[in-house]
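Chemist: In our numbering, the protein residues as written are 1231 to 1393. From the three backbone atoms N, C-alpha and C, an ideal C-beta is built for every residue, glycine too. Note that the coordinates shown come from a computational prediction; the quantities given were computed from them, not determined experimentally. Starting off with a structure, shown below.
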């Protein structure tokens, strides 16, 4: 599975909300890890450990879930859970990837966010439409040979980009 279509539709539709959650993540990695996200340098990067991925993704996801609960119209507008899950996961994955300089760590941040969202709100989508969002490296990098290359080589979205 990949996240091509979900992100294709969601990024434009949820722009300001996605920005807010992502900038929260940027502030978090700057305050806690001293990562200068505005002009990243090699010395600013943190190690892409699972603990660091979990910490950053958890913080960003919890912030986003609190915001959704504080603004129920956004919660309802991002229907079915799939869009909410994707927005939270994208902000988490971006934050982890920028902090570590590692796209696989970013993918694990995405996946951690999905697990937290599902644990917190019981589902990612409806009618089984949550499967495309469960794309951690466990699933995305072990599917089929043409989709199983690491993110830099081809990416977990190939060839599932629905247009």
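Nearest by alpha-carbon distance to residue 1352: which of 1337, 1312, 1327, 1288 is it?
Modeler: By one-based count along the chain shown, residue 1352 stands at place 122. The residue with the shortest Cα to Cα distance from residue 1352 is 1312.
Chemist: Return the Cβ separation of residue 1342 and residue 1322 in integer angstroms, given the expectation that the two are a contact with Cβ distance under 8 Å.
Modeler: On the chain shown, residue 1342 is found 112 positions in, with the first residue counted as 1. On the chain shown, residue 1322 is found 92 positions in, with the first residue counted as 1. About 7 Å; that satisfies the 8 Å criterion.
Chemist: On a Cα-Cα basis, can you pick out the residue from 1332, 1303, 1302, 1298 that is closest to residue 1317?
Modeler: Numbered from 1 along the chain shown, position 87 holds the residue referred to as residue 1317. Here the closest residue by C-alpha is 1298.
Chemist: What residue range is occupied by the uninterrupted alpha helix (DSSP H) comprising residue 1270?
Modeler: Locating residue 1270 in the chain shown gives position 40, where the first residue counts as 1. Here residue 1270 belongs to no alpha helix (DSSP H), and DSSP marks it neither H nor E.
Chemist: By Cβ distance below 7 Å, which residues in the same chain neighbour residue 1283 in space, the five residues on each side in sequence not counted?
Modeler: Stepping through the chain shown from its first residue, residue 1283 is reached at position 53. 1326, 1335, 1338, 1339, 1342.
Chemist: Under three-state DSSP, which class holds residue 1278?
Modeler: For the purposes of this step, residue 1278 is taken as the residue at position 48 of the chain shown. It is coil, neither helix nor strand.
Chemist: For residue 1251 and residue 1263, what's the separation of their Cα atoms in angstroms?
Modeler: For the purposes of this step, residue 1251 is taken as the residue at position 21 of the chain shown. For the purposes of this step, residue 1263 is taken as the residue at position 33 of the chain shown. One Cα belongs to residue 1251, the other to residue 1263, and the distance between them is close to 18 Å.
Chemist: Cβ atoms of residue 1253 and residue 1293: under 7 Å apart, would you say?
Modeler: Locating residue 1293 in the chain shown gives position 63, where the first residue counts as 1. Locating residue 1253 in the chain shown gives position 23, where the first residue counts as 1. Taking the C-beta atoms as reference points, residue 1253 is found no nearer than 7 Å to residue 1293.
Chemist: Considering Cα atoms alone, identify which of 1333, 1305, 1314 is closest to residue 1344.
Modeler: Position 114 of the chain shown, counting from 1, holds the residue named residue 1344. In terms of CA proximity to residue 1344, 1314 leads the group 1333, 1305, 1314.
Chemist: Where does residue 1311 fall in DSSP's three states?
Modeler: In the chain shown, residue 1311 corresponds to position 81, counting from 1. The answer is coil: DSSP assigns residue 1311 none of H, G, I, E or B.
Chemist: Going by the CB atoms, is the gap between residue 1346 and residue 1291 shorter than 7 Å?
Modeler: As a position in the chain shown, residue 1291 is number 61, starting the count at 1. As a position in the chain shown, residue 1346 is number 116, starting the count at 1. The beta carbons of residue 1291 and residue 1346 sit closer together than 7 Å.
Chemist: Could you compute how far the alpha carbon of residue 1277 sits from the alpha carbon of residue 1267?
Modeler: To locate residue 1277, count along the chain shown from 1; it is residue 47. To locate residue 1267, count along the chain shown from 1; it is residue 37. Within the model, the alpha-carbon separation for residue 1277 versus residue 1267 is close to 15 Å.
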